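Enquirer: Take this structure, written in structure tokens, and hold onto it; I'll ask about it next.
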Amino acid sequence: MVLAAGLGTRMKPITDTLPKPLVPVLRKPLIEYNLQRLDSAGISKIVVNTHYLPEKIEAYLAARREVQISHEVERLETGGGVAHALPLLGKQPFFVLNSDVLWTDGPTPALDRLAAAWDGKKMDALLLFHPTPRLLHYSGLGDFHLDANNLAHRRRENQVAAFIFAGVQILHPRLFAEAPCRPFSLNILYDKAEASKRLFAIVHDGDWYHVGTPEELKLVEETMVRGNNAVNGR
Numbered sequence: 000m001v002l003a004a005g006l007g008t009r010m011k012p013i014t015d016t017l018p019k020p021l022v023p024v025l026r027k028p029l030i031e032y033n034l035q036r037l038d039s040a041g042i043s044k045i046v047v048n049t050h051y052l053p054e055k056i057e058a059y060l061a062a063r064r065e066v067q068i069s070h071e072v073e074r075l076e077t078g079g080g081v082a083h084a085l086p087l088l089g090k091q092p093f094f095v096l097n098s099d100v101l102w103t104d105g106p107t108p109a110l111d112r113l114a115a116a117w118d119g120k121k122m123d124a125l126l127l128f129h130p131t132p133r134l135l136h137y138s139g140l141g142d143f144h145l146d147a148n149n150l151a152h153r154r155r156e157n158q159v160a161a162f163i164f165a166g167v168q169i170l171h172p173r174l175f176a177e178a179p180c181r182p183f184s185l186n187i188l189y190d191k192a193e194a195s196k197r198l199f200a201i202v203h204d205g206d207w208y209h210v211g212t213p214e215e216l217k218l219v220e221e222t223m224v225r226g227n228n229a230v231n232g233r
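If you count by numbering that gives the first Met the number 0, then the sequence shown holds residues 0 to 233, one letter each, in order.
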């Protein structure tokens, strides 16, 4: 699943007339980078959720037979959006990707590494983390700690954590068994999985970028040009 239902408020004025997943990065829509990653990983069924300017996203995806649309009349946030799409996603574990992240792969593609690390007997969620020291102009405190067994632990107040969540993950449908019947964040389910010691992560071994504002867009494009556009999914 690719999460594409956000309002893109921080990307204004670009998103006044264009949904954020279609904002071009080096002339390619943001969402296309993730779709290409999924294609390269052999994923043949993709769900994309929509809310803001949905007709533009649906028109862009119309030629892709492997893509199904999960439209949200009311924006359901990340957790509610995935829960709403579960009938399309099926009963097996599935990838969930934020549509506003880009990355370069290390020796093995990140999606392949996640799939290889997945163990459904002990995991309900497997997240991709990125080390904070390797982020562009990052001044935050991080999101998570990671122990020697790859169990993830959320940063507590007044702590500094070495990793951020990179917006790429594998989730099992059972994680949503008691999900709220309202808009909610996936963070609620991460906390649930952490409490039962079923929240795991691996660390990304390439570069990673978030495109949230016009300033970040410019910075990411400049970095990609210097790196010969290595975030292409093929």
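From the three backbone atoms N, C-alpha and C, an ideal C-beta is built for every residue, glycine too. In this text, all values refer to a predicted model and were calculated from it rather than measured experimentally.
#1: Contact defined as beta carbons within less than 8 Å: I believe residue 168 pairs with residue 124. What is the distance between those atoms, to the nearest angstrom?
#2: Would you say residue 122 and residue 175 are within 8 Å of each other, going by their C-beta atoms?
#3: Taking the alpha carbon of residue 152 as the point to measure from, which residue in 178, 60, 120, 192 has its own alpha carbon closest?
#4: For a test of the three-state rule: what should DSSP assign to residue 85, helix, strand or coil?
#5: Using C-beta distances below 8 Å, list every residue in its chain close to residue 212, excluding the 5 sequence neighbours before and after it, in chain order.
#6: Could you pull the DSSP bridge partners for residue 24 from this structure?
#7: Exposed or buried, what is residue 236 when buried is set at 16 or more other beta-carbons lying within 10 Å of its beta-carbon?
#8: Compute the Euclidean distance between the alpha carbons of residue 83 and residue 58, then round it to the nearest angstrom.
#9: Given residue 79, which residues of its chain have a CB within under 7 Å of its CB, disregarding the five upstream and five downstream residues?
#10: Please give the ranges of any beta strand (DSSP E) in the stretch 192-225, keeping only runs that are unbroken, at least 3 residues long and fully inside the region.
#11: Hey, quick one: how far does the beta strand (DSSP E) through residue 68 stretch, first residue to last?
#12: Does the Cβ-Cβ distance between residue 13 and residue 24 come in under 8 Å?
#13: Within 10 angstroms of the Cβ of residue 190, are there 16 or more other Cβ atoms? Answer buried if so, exposed if not.
#14: Going by other Cβ atoms of all chains shown within 10 Å of its Cβ, with 16 needed for buried, is residue 171 buried or exposed?
#15: Using the DSSP secondary-structure output, state which residues sit across from residue 145 in a beta bridge.
#16: Around the C-beta of residue 316, are 16 or more other C-beta atoms found within 10 angstroms, so that it is buried, or is it exposed?
#17: Pull up the distance between the alpha-carbon of residue 55 and that of residue 110, whole angstroms please.
#18: Helix, strand or coil: which one does DSSP assign to residue 49?
#19: Could you please give the first and the last residue of the uninterrupted alpha helix (DSSP H) stretch that includes residue 165?
#20: What would DSSP say about residue 37, mapped onto helix, strand or coil?
#21: Should residue 15 be labelled buried (16 or more other beta-carbon atoms within 10 Å of its own) or exposed?
#22: From residue 44 to residue 66, what does the alpha carbon distance come to, in whole angstroms?
#23: Is the Cβ-Cβ distance between residue 207 and residue 160 less than 8 Å?
#24: Contact check, residue 127 vs residue 113 under 8 Å by CB: the rounded distance?
Expert: Taking the geometry as given:
#1: Confirmed, about 6 Å.
#2: Contact annotation: residue 122 and residue 175 have beta-carbon atoms that are not nearer than 8 Å.
#3: With distances taken between Cα atoms, residue 152 lies closest to 192.
#4: Three-state result, residue 85: helix.
#5: Closer than 8 Å at Cβ, skipping near neighbours: 9, 10.
#6: Under the DSSP definition of a beta bridge, residue 24 partners with 27.
#7: Nothing in the structure corresponds to residue 236, since the chain is present only between 0 and 233.
#8: A direct Cα-Cα distance of roughly 21 Å separates residue 83 from residue 58.
#9: Counting only Cβ-Cβ distances below 7 Å, and skipping sequence neighbours, we find 181, 182, 183.
#10: When DSSP assignments are scanned along the stretch 192-225, the uninterrupted stretches of beta strand (DSSP E) that are 3 or more residues long and fall wholly within it turn out to be 198-202, 207-209.
#11: Boundaries of the beta strand (DSSP E) around residue 68: 66-70.
#12: No, they are not a contact pair.
#13: By the 10 Å Cβ count, residue 190 comes out exposed.
#14: Looking at its Cβ environment, which holds 16 or more other Cβ atoms inside 10 Å, residue 171 is buried.
#15: Per DSSP, 151.
#16: In the structure displayed, the chain extends from 0 to 233; residue 316 sits before or after that span and is not available.
#17: C-alpha separation (whole angstroms): 27 Å.
#18: The answer is strand: DSSP assigns residue 49 an E or B state.
#19: Here residue 165 belongs to no alpha helix (DSSP H); instead the beta strand (DSSP E) covers 162-170.
#20: Under the three-state reduction of DSSP output, residue 37 falls in the helix class.
#21: By the 10 Å Cβ count, residue 15 comes out exposed.
#22: Straight through space, the alpha carbons of residue 66 and residue 44 are spaced by roughly 6 Å.
#23: No, the Cβ-Cβ distance between residue 207 and residue 160 is not below 8 Å.
#24: Confirmed, Cβ separation roughly 6 Å.
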